[in-house]
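Numbering-wise (my numbering), the sequence shown opens with residue 46 and increments by one. Reviewing the structure listed below.
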Amino acid sequence: MKLQRVTDREGMVYASSIHNLLFDDPWDPQKAKAVWILWSEGEPVGFCSIDETKWVPGAAFVSYIGLLASARGRGLGRRMVRVCTKWAREAGYERIVSYTWVENVASARSFLREGWDYYYPEGTAPGYIWFIKYLIP
Ligand SMILES: CC(C)(COP(=O)(O)OP(=O)(O)OC[C@H]1O[C@@H](n2cnc3c(N)ncnc32)[C@H](O)[C@@H]1OP(=O)(O)O)[C@@H](O)C(=O)NCCC(=O)NCCS
Numbered sequence: 046m047k048l049q050r051v052t053d054r055e056g057m058v059y060a061s062s063i064h065n066l067l068f069d070d071p072w073d074p075q076k077a078k079a080v081w082i083l084w085s086e087g088e089p090v091g092f093c094s095i096d097e098t099k100w101v102p103g104a105a106f107v108s109y110i111g112l113l114a115s116a117r118g119r120g121l122g123r124r125m126v127r128v129c130t131k132w133a134r135e136a137g138y139e140r141i142v143s144y145t146w147v148e149n150v151a152s153a154r155s156f157l158r159e160g161w162d163y164y165y166p167e168g169t170a171p172g173y174i175w176f177i178k179y180l181i182p
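Now the structure itself:
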């Protein structure tokens, strides 16, 4: 398994195609701050991305973490949380946030086990849980 940052058009097309398989909202990888693809035997099996969010101004935001079913259950979600956190720290962000829906235990565990905490941004919709990691020492 290789987790690789992508910046080229071909990489963005791969990220977009995995996004479209897993999520039903619109997303333009070209506008993301950073995008990674997880490769397994030459095939893309997952992706993660950082954008920003109006709910927590100034923070880095893990907009997506997604694995095809064949790649789940092996802690790769955590690995992607780790790469996003490292990138945000190196990019100078003071905090990084993300959210998931309340039933998504695998997603929640992936953040919590990487040392993130629960977070409660004001005004966000019910049914979702937010997570935060402070990056300043
Ligand atoms: C969310 C996702 C990235 C998690 O990645 P993953 O590597 O498959 O996660 P794992 O299966 O290794 O599980 C992570 C943790 O959750 C736990 N877990 C998973 N499902 C669980 C369940 N139903 N009940 C309790 N714990 C569960 C695992 O035991 C593991 O905990 P541990 O680290 O303490 O052992 C992946 O499942 C995925 O892509 N899902 C579809 C897309 C998605 O939901 N993305 C997130 C949107 S916010």
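Think of the CB as a built atom: it goes at the ideal place given N, C-alpha and C, for glycine as much as any other residue.
- prompt: The beta strand (DSSP E) spanning Y163 covers which residue range?
  reply: Counting from 1 along the sequence shown, the entry for residue 163 is found at position 118. Annotation: the continuous beta strand (DSSP E) that includes Y163 extends over D162 to Y164.
message: Quick check: what's the CA-CA separation for W81 versus Q49?
response: Here residue 81 refers to the residue found at position 36 of the sequence shown. Here residue 49 refers to the residue found at position 4 of the sequence shown. Per the coordinates, the alpha-carbon of W81 lies some 5 angstroms from the alpha-carbon of Q49.
field: Beta carbon of G122 nearer than 8 angstroms to that of F68
entry: Counted from its first residue, the sequence shown places residue 122 at position 77. Counted from its first residue, the sequence shown places residue 68 at position 23. No, the Cβ-Cβ distance between G122 and F68 is not below 8 angstroms.
message: Could you check whether the stretch 130-137 touches the stretch 147-155, counting it as contact only if at least three pairs of C-beta atoms, one from each stretch, sit closer than 8 angstroms?
response: no
query: Does the beta-carbon of W146 have 16 or more other beta-carbons within 10 angstroms, so that it is buried, or is it exposed?
result: The sequence position of residue 146 within the sequence shown is 101, counting from 1. By the 16-neighbour rule on beta-carbons within 10 angstroms, W146 is exposed.
message: For a test of the three-state rule: what should DSSP assign to G118, helix, strand or coil?
response: As a first step, residue 118 is located in the sequence shown; it is residue number 73 there, counting from the start. Taken through DSSP and simplified to helix, strand or coil, G118 comes out as coil.
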